[in-house]
Amino acid sequence: MTGLTLGPVGLRVRRRAVVASLALLLVVVGLGALGLLTGPLGLPVDRVLDALVGSGSPLDQLVVTQRTDRLLGALLVGAALGAAGALTQSITRNPVASPDVLGVTAGASAFAVAASVRPDDVQALLGLPAQSAAVVGTLVGGIVTAAVVLLLAHRGGFDGYRLVLVGLAVNALALAVVAWLLTRAESEDAAVATRWLVGSLDGVDHGLLLPFGLLVGVCLVTCLVLADRLGAMRLGPDVASTLGATSGATVPAALAVSVLLAAGATAVAGPISLVAFAAPQVALRLLGTAGPTPLAGALTGAALLLAADTAAQALPVALPVGIVTSVLGAPFLLFLVARSLRRTRG
Amino acid sequence: MPQVPRARGRTVVVLASLAALVVAATLLSLAVGARSIPLPDVLHALTGGHATDDAVVVTSQRLPRTLVALGAGAALGAAGALMQGHVRNPLADPGLFGVNAGAALGVAVLVFVLGVDAPGAVVAAALVGAAAAASVLFVLGLRSLQGGAVVLLAVLGTSLAAFLGAITSSFVLLDRQTLDVMRFWQVGSVAGRDTSAAALVLPLVVCGLVLALANGFSLRSLGLGEDVARTLGTRVVRARVVGIGAVTLLAGAATAVCGPISFVGLVAPHLARRLTGHDYAALVPAAALAGAAVLLLADTAGRIVAPPGELQAGIVMAVIGAPILLAVARRRRVVAL
Numbered sequence: 099m100t101g102l103t104l105g106p107v108g109l110r111v112r113r114r115a116v117v118a119s120l121a122l123l124l125v126v127v128g129l130g131a132l133g134l135l136t137g138p139l140g141l142p143v144d145r146v147l148d149a150l151v152g153s154g155s156p157l158d159q160l161v162v163t164q165r166t167d168r169l170l171g172a173l174l175v176g177a178a179l180g181a182a183g184a185l186t187q188s189i190t191r192n193p194v195a196s197p198d199v200l201g202v203t204a205g206a207s208a209f210a211v212a213a214s215v216r217p218d219d220v221q222a223l224l225g226l227p228a229q230s231a232a233v234v235g236t237l238v239g240g241i242v243t244a245a246v247v248l249l250l251a252h253r254g255g256f257d258g259y260r261l262v263l264v265g266l267a268v269n270a271l272a273l274a275v276v277a278w279l280l281t282r283a284e285s286e287d288a289a290v291a292t293r294w295l296v297g298s299l300d301g302v303d304h305g306l307l308l309p310f311g312l313l314v315g316v317c318l319v320t321c322l323v324l325a326d327r328l329g330a331m332r333l334g335p336d337v338a339s340t341l342g343a344t345s346g347a348t349v350p351a352a353l354a355v356s357v358l359l360a361a362g363a364t365a366v367a368g369p370i371s372l373v374a375f376a377a378p379q380v381a382l383r384l385l386g387t388a389g390p391t392p393l394a395g396a397l398t399g400a401a402l403l404l405a406a407d408t409a410a411q412a413l414p415v416a417l418p419v420g421i422v423t424s425v426l427g428a429p430f431l432l433f434l435v436a437r438s439l440r441r442t443r444g
Numbered sequence: 227m228p229q230v231p232r233a234r235g236r237t238v239v240v241l242a243s244l245a246a247l248v249v250a251a252t253l254l255s256l257a258v259g260a261r262s263i264p265l266p267d268v269l270h271a272l273t274g275g276h277a278t279d280d281a282v283v284v285t286s287q288r289l290p291r292t293l294v295a296l297g298a299g300a301a302l303g304a305a306g307a308l309m310q311g312h313v314r315n316p317l318a319d320p321g322l323f324g325v326n327a328g329a330a331l332g333v334a335v336l337v338f339v340l341g342v343d344a345p346g347a348v349v350a351a352a353l354v355g356a357a358a359a360a361s362v363l364f365v366l367g368l369r370s371l372q373g374g375a376v377v378l379l380a381v382l383g384t385s386l387a388a389f390l391g392a393i394t395s396s397f398v399l400l401d402r403q404t405l406d407v408m409r410f411w412q413v414g415s416v417a418g419r420d421t422s423a424a425a426l427v428l429p430l431v432v433c434g435l436v437l438a439l440a441n442g443f444s445l446r447s448l449g450l451g452e453d454v455a456r457t458l459g460t461r462v463v464r465a466r467v468v469g470i471g472a473v474t475l476l477a478g479a480a481t482a483v484c485g486p487i488s489f490v491g492l493v494a495p496h497l498a499r500r501l502t503g504h505d506y507a508a509l510v511p512a513a514a515l516a517g518a519a520v521l522l523l524a525d526t527a528g529r530i531v532a533p534p535g536e537l538q539a540g541i542v543m544a545v546i547g548a549p550i551l552l553a554v555a556r557r558r559r560v561v562a563l
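Here the protein sequences come in this chain order: C and D.
Plus 98 on top of the position in the first sequence (first one is 1) and you've got our numbering.
Plus 226 on top of the position in the second sequence (first one is 1) and you've got our numbering.
The following block contains the structure:
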């Protein structure tokens with residue numbers, strides 16, 4: 099470990115963390131360039147570059163805009179999910195807890211499916227035009243469901259176990275609502291909703307990228323502020339209070355940030371599963387940090403989702419990225435749970 | 227093992243009253259619906275009276291779904307009790323923990339990828355899927371026995387269910403027609419199901435229930451810990467294997483016919499445990515009876531709560547079951563069984 103001093107600011111630097119972060123950045127840049135320069139249309143590199151600086155033909159520009167939207171979407175959604183997962187894992191001290199356990203994704207899904215199956219009702223409820231009603235509904239659904247879970251789980255503080263179990267119950271209920279809505283839908287609406295429910299970067303809305311990017315930025319800065327206290331929380335409530343880290347607001351603030359990030363990501367790309375759980379755990383192993391840290395989780399999440407999306411596009415049948423993340427993430431989840439079970443046994 | 231006579235008498239009373247509840251729920255299920263039919267007419271129709279409109283409704287529409295609910299409810303209730311006993315987790319349920327999702331994935335692969343939909347093959351695929359999921363859960367769940375990692379296993383089970391569901395829906399995405407079949411099947415319902423498949427799985431359910439009842443006696447000693455059980459002469463490995471087999475048969479058969487239904491296997495053992503205590507020899511049959519009654523009542527309630535349509539039994543079970551799961555979760559400590 100080496101130190102870095104810049105005037106009054108001192109920063110601890112771990113070589114392994116720096117090397118791993120740089121490697122992740124390299125992966126992101128490489129995959130990003132690959133995504134921008136290649137695609138089914140086979141645009142030559144010089145025309146892509148022309149379009150990027152705004153001098154290509156309108157058609158080229160359209161294609162390249164789609165590619166940049168997809169790339170930015172993958173990076174932002176991956177970063178949001180990774181950071182959100184690291185926050186919930188730090189608070190619950192449970193390696194398999196992701197914002198999904200707070201009911202964010204299931205609640206967001208229920209509202210999103212309602213918006214696509216019964217657009218009139220949702221528009222009337224929110225008083226918004228169709229396009230924004232779906233997005234706002236998803237966001238609101240995720241946040242409201244998480245609030246319900248947190249209220250039900252709060253009993254003189256947040257016990258990690260109770261939080262997870264209450265989340266499971268609320269999740270099950272929300273998923274039943276989704277299944278019921280799907281049986282009530284027209285065939286075409288059901289197809290659209292089912293595709294959305296897997297999580298996909300195919301149709302990332304250009305207009306959403308800027309507000310979502312701002313949200314991710316603000317949340318990541320908040321994570322930076324909370325980082326030290328979260329680190330203390332990971333040692334358990336007793337040690338944390340000895341270290342003076344339970345200043346009341348840490349847990350609610352971290353939970354709020356986590357919920358906002360996950361709900362926002364779901365509104366942009368649908369419920370992409372297992373990235374929020376896997377990214378912080380991968381980051382922890384790559385960077386060798388003491389626990390799942392939000393910023394490392396964000397970087398890893400962005401790299402993982404970009405890689406998964408690249409893989410999804412390279413498949414012979416175009417599958418939504420959510421399927422790739424579940425197929426790759428599930429064995430990792432099983433492995434982690436098996437290991438945690440063995441550790442608690444000893 | 228010597229029995230205390232009074233306990234046995236109590237068990238008989240409990241089982242008899244649960245059986246009476248099942249009979250009452252059955253009659254209710256035959257009588258209640260979009261068209262209410264008085265009980266005497268129901269009995270008349272069942273005993274082969276004149277072919278009035280009411281009689282046709284009872285015999286051709288309500289009787290099949292009532293029988294399916296009876297069988298599936300008993301199967302899921304017993305399977306839930308066995309899972310809770312083996313992995314000693316109060317939240318274990320074949321639906322929540324992914325066994326039903328495994329069966330559903332098996333069916334989806336067979337029907338939508340291989341294009342086979344013969345009832346026998348569907349049942350076999352459901353059993354293979356259920357067996358795989360149940361084995362994963364048992365192997366990991368038994369590891370957690372000494373650690374009290376109740377919640378970790380619950381997270382694993384529900385993640386397994388979500389993961390298997392995601393794979394299932396990826397098959398569905400590729401084809402509109404399969405989606406239209408799957409979205410109705412995936413809700414879990416006892417109405418409008420294939421009666422030939424139901425007849426086919428009946429022997430499996432009976433077989434699974436017999437295994438489950440026998441396994442209940444082994445769970446008595448297994449509940450004291452594997453070492454003690456071994457000293458008492460229980461063959462631990464065989465008992466575990468029988469447990470996995472029974473859960474597979476019961477949950478797989480129920481899912482093959484009804485689609486994945488959650489919460490019956492959670493609610494029924496918790497209700498039964500109130501009456502029988504922790505003696506699994508009595509708890510398993512009590513949970514089977516309670517499961518049949520609960521699923522029948524859920525299906526009946528679903529017919530009348532949202533007219534003119536119906537709520538599928540799987541949805542009603544989630545609405546009933548989630549608050550019960552919440553109640554278990556909000557207790558001060560989640561105690562391993």
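We put the beta carbon where it would ideally sit given N, CA and C, even for glycine.
It should be emphasised that the depicted structure is a prediction, and the values quoted were computed from it without experimental measurement.
Would you kindly report the start and end of the unbroken alpha helix (DSSP H) that includes residue i?
i                      : result
residue 338 of chain D : Unbroken run through residue 338 of chain D: none, as it is neither H nor E.
residue 348 of chain C : 348-367
residue 411 of chain C : 392-412
residue 273 of chain D : Element bounds for residue 273 of chain D: n/a, residue is neither H nor E.
residue 292 of chain C : 285-296
residue 323 of chain C : 304-331
residue 379 of chain C : 373-385
residue 550 of chain D : 539-556
residue 203 of chain C : 202-215
residue 418 of chain D : Looking at the DSSP string, residue 418 of chain D is not in any alpha helix (DSSP H), and its letter there is neither H nor E.
residue 566 of chain D : Coverage of chain D is limited to positions 227 through 563, which leaves residue 566 of chain D absent and any answer about it impossible.
residue 325 of chain D : 325-334
residue 412 of chain D : Premise fails: residue 412 of chain D is in no alpha helix (DSSP H) and is neither H nor E.
residue 258 of chain D : That residue, residue 258 of chain D, is in no alpha helix (DSSP H); it is neither H nor E in DSSP.
residue 282 of chain D : 279-282
To the nearest angstrom, how far is it from the Cα of residue i to the Cα of residue j?
i                      : j                      : result
residue 99 of chain C  : residue 356 of chain C : In this predicted model, residue 99 of chain C has a pLDDT of only 48, less than 50, meaning its place in the structure is not dependable; the value taken from the coordinates is given anyway. In a straight line, the C-alpha of residue 99 of chain C is about 30 Å away from that of residue 356 of chain C.
residue 394 of chain C : residue 310 of chain D : 38 Å
residue 306 of chain C : residue 235 of chain C : 14 Å
residue 436 of chain C : residue 385 of chain D : 13 Å
residue 373 of chain D : residue 382 of chain D : Note that residue 373 of chain D scores a pLDDT of 49, beneath 50, so its modelled location is shaky; the value from the coordinates is reported in the next line. Each residue's alpha carbon lies about 15 Å from the other.
residue 297 of chain D : residue 517 of chain D : 9 Å
residue 229 of chain C : residue 476 of chain D : 46 Å
residue 438 of chain C : residue 490 of chain D : 29 Å
residue 360 of chain C : residue 182 of chain C : 6 Å
residue 219 of chain C : residue 247 of chain D : 41 Å
residue 248 of chain C : residue 406 of chain D : 36 Å
residue 443 of chain C : residue 193 of chain C : Confidence at residue 443 of chain C is low in this model, with a pLDDT of 46, below 50, so the placement of that residue should be treated as unreliable; the coordinate-derived value is given next. Taking the straight line from one Cα to the other gives about 16 Å.
residue 470 of chain D : residue 315 of chain D : 15 Å
residue 229 of chain D : residue 502 of chain D : Note that residue 229 of chain D has pLDDT 48, beneath the 50 cutoff, so the model's placement of it is unreliable and no number is given.
residue 493 of chain D : residue 546 of chain D : 9 Å
residue 396 of chain D : residue 364 of chain C : 18 Å
residue 534 of chain D : residue 252 of chain D : 22 Å
Do you know whose CA, among the options, lies nearest residue i's CA?
i                      : options                    : result
residue 498 of chain D : D/261, D/401, D/520        : D/520
residue 399 of chain D : D/335, D/456, D/506        : D/335
residue 319 of chain D : D/281, D/406, D/486        : D/486
residue 292 of chain C : C/299, C/188, C/277        : C/277
residue 479 of chain D : D/449, D/279, D/285, D/332 : D/332
residue 130 of chain C : C/405, C/434, C/424, C/116 : C/405
residue 372 of chain C : C/338, C/297, C/354, C/188 : C/297
residue 472 of chain D : D/302, D/395, D/255, D/512 : D/302
residue 443 of chain D : D/474, D/324, D/308        : D/308
residue 349 of chain D : D/330, D/270, D/340, D/362 : D/330
residue 112 of chain C : C/385, C/127, C/171, C/294 : C/385
residue 407 of chain C : C/300, C/351, C/162        : C/300
Tell me whether residue i counts as near the ligand FMN, meaning its Cβ is closer than 7 Å to at least one heavy atom of that ligand.
i                      : result
residue 482 of chain D : With respect to small molecules bound, the structure shown includes none, and the ligand FMN cannot be examined in it.
> Where in the segment 447-507 of chain D do unbroken runs of the alpha helix (DSSP H), each at least 4 residues long, occur, reported from the N-terminal end onward?
Replying inline: The alpha helix (DSSP H) runs lying completely inside the segment 447-507 of chain D and spanning 4 residues or more are 452-457, 462-484, 490-502, given in chain order.
> Which parts of the segment 105-191 of chain C are runs of the beta strand (DSSP E), unbroken and 3 residues or longer, counting only runs that do not cross its ends?
Replying inline: 107-111
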